[in-house]
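Report on the structure given below.
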Amino acid sequence: MSKVVLEGVEKVYSNGFKAVHGIDLSIKNGEFMVFVGPSGCAKSTTLRMVAGLEEISGGTITIGEKVVNNIPPKDRGIAMVFQNYALYPHMSVYDNMAFSLKMKKKPKREIEKKVREAAKILDIESLLDRKPKQLSGGQRQRVAVGRAIVRDPEVFLFDEPLSNLDAKLRVHMRVQLSQLHKKLKTTMIYVTHDQVEAMTMGDRICVMNLGRIMQVDTPLNLYHYPANKFVAGFIGSPAMNLIEGELIKNNANIAVKIGGMVLNLPIKKGEKVKKHVGKKIWLGIRPEYIGIQKDDMKAAVNGTIDVLEHMGNETFIYFSAEDLQINARINSLDSKDLMVGKKHDFFINMESCHIFDYDSEENISL
Ligand code: ADP
Ligand code: MG
107 MSKVVLEGVE
117 KVYSNGFKAV
127 HGIDLSIKNG
137 EFMVFVGPSG
147 CAKSTTLRMV
157 AGLEEISGGT
167 ITIGEKVVNN
177 IPPKDRGIAM
187 VFQNYALYPH
197 MSVYDNMAFS
207 LKMKKKPKRE
217 IEKKVREAAK
227 ILDIESLLDR
237 KPKQLSGGQR
247 QRVAVGRAIV
257 RDPEVFLFDE
267 PLSNLDAKLR
277 VHMRVQLSQL
287 HKKLKTTMIY
297 VTHDQVEAMT
307 MGDRICVMNL
317 GRIMQVDTPL
327 NLYHYPANKF
337 VAGFIGSPAM
347 NLIEGELIKN
357 NANIAVKIGG
367 MVLNLPIKKG
377 EKVKKHVGKK
387 IWLGIRPEYI
397 GIQKDDMKAA
407 VNGTIDVLEH
417 MGNETFIYFS
427 AEDLQINARI
437 NSLDSKDLMV
447 GKKHDFFINM
457 ESCHIFDYDS
467 EENISL
């Protein structure tokens, strides 16, 4: 296993398009790092530069102690698994897995040992004689991973390897890959556009947008302390409510004014954002911090319920207040008597809100 370091990494494609704008990232030995972001944000481009499949236009990439900018893919100590598993259709599972070792002219005994070991780890020992077309999607996926394992790479690179699987199998393979990482303890870089995959698999997550890193942190830190509006809106489902407003002084309090509504901030948060009073901001509030008003709770808004989605364990409420569309998630037992079209008071737990500068979109309330 190896540490991977990207310093000032840039990519300009031959048509002049700048896909990656100076990425700095240090991935630890044995870490499971996830690149996540919307389609086109340059996750694959960045991964392919690490792999050596794409030339680096600027900066340096180091794997272990070696700068690899000019080192061909086969000598970088990496193994990559793609979305389309790219198995050789005419070869058996065994031969698919053995292929790279045969190319390296490894002794037959060693090849057999490695293939069987990998097959055991992945629970595909009984499939070694089959051809890829005789396998299910999940089994093919495992063969593709097996082909990577036999190479004993310093670093595994995965580019959306589960995207072709159905939802249930994706969940299953997600767990398997996490367990594989625990077993092998090899550094892994895993690309996905799916924030649930990112949250559940990553030791740390690198959130990207438009060829730039937005934030790198642990799943829980990203969720609870998003550095900016982009990360706040991208991580979490249903997404954080992001509402345009203004910071004002309300007697002794600092408050957020949204339309005609004034919501006081708790004292500590108020202190943090005090110097921005008078400016436009985005108020960020996760759906779980909005609920049905009870007794003496503060910060209430009155809204009309537009849609109720019953998940079973919880209920998502979409309601409108003034011109705003807001969503809340509450315990399903508390939603039994709610009705679409009816008005309700909703509390907002301002202790857990975030305030983002309107222009820079940076979180100014951390
Ligand atoms: P992601 O994997 O995050 O979906 P990609 O890394 O595939 O994104 O692409 C990043 C950006 O680079 C996109 O805007 C894409 O259109 C562009 N791009 C990808 N490959 C090429 C290429 N060969 N030439 C020019 N632009 C490309
Ligand atoms: Mg991609």
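Numbering (our numbering), first residue to last: 107 to 472. Quick reminder that beta carbons are idealized off the backbone N, C-alpha and C, glycines included.
A273 and K374 have their C-alpha atoms spaced approximately 43 Å apart. The bridge partners DSSP lists for N370 are A361.
Residue pairing from DSSP places A427 in a beta bridge opposite L430. Non-local C-beta neighbours of I364 in its own chain, meaning closer than 6 Å and more than five positions away in sequence, comprise I349 and G351, ordered along the chain. At least 9 Å separates the beta-carbon of V110 from that of G165. A distance below 6 Å between beta-carbons, with the five flanking residues on each side excluded, links R257 to the following residues of its chain, in chain order: A185 and S206. For M155, there is no enclosing beta strand (DSSP E); the enclosing alpha helix (DSSP H) has its first and last residue at K149 to A157.
Where R318 is concerned, the enclosing beta strand (DSSP E) starts and stops at R318 to D323. Excluding the 5 residues flanking it on each side, L233 has same chain C-beta neighbours closer than 7 Å at V199, L241 and Q245, in chain order.
Contact between I169 and R154 fails: their C-beta atoms lie close to 14 Å from each other, not under 8 Å. With fewer than 16 other beta carbons inside 10 angstroms of its own, Q285 counts as exposed. The three-state secondary structure of V173, taken from DSSP, is strand. Considered as a whole, the segment 248-320 harbours 273-290 and 301-307 as its complete alpha helix (DSSP H) runs of no fewer than 4 residues, in chain order. Just measuring C-alpha positions, the residue of T421, Q431 and M456 sitting nearest D440 is T421. Residues M107, S108, K109 and T293 of the same chain have their beta carbon placed closer than 8 Å to that of N135, with the five preceding and five following residues left out of the count. With respect to the 9 Å criterion, A333 and Q321 are classified as neighbours on the basis of their beta carbons.
For V118, the closest C-alpha among the options V174, I230 and T151 is that of T151. Counting of Cβ neighbours within 10 angstroms places D323 among the buried residues, the total reaching 16 or more. CA-CA distance, V174 to E161, rounds to 11 Å. Taken through DSSP and simplified to helix, strand or coil, H330 comes out as helix.
In the DSSP assignment, K335 falls within the alpha helix (DSSP H) that extends over K335 to F340.
If you check the CB distance, V261 and I230 do not come in under 9 Å. A contact is defined here as three or more CB-CB pairs under 8 Å, and the segment 377-386 meets this definition with respect to the segment 352-362.
In the structure shown, F452 adopts extended strand secondary structure according to DSSP, grouped into three states.
Ranked by Cα distance from M314, the first of I177, F141 and M367 is F141. Our two residues, G243 and L271, have alpha carbons roughly 6 Å apart in a direct line. By the neighbour-count definition (other C-beta atoms within 10 Å, threshold 16), G447 is an exposed residue. For V221, the enclosing alpha helix (DSSP H) stretches over residues K214 to L228.
The residues L112, V115, T152 and I319, in chain order, have a CB closer than 7 Å to that of I129 in the same chain once the five nearest residues on each side in sequence are set aside.
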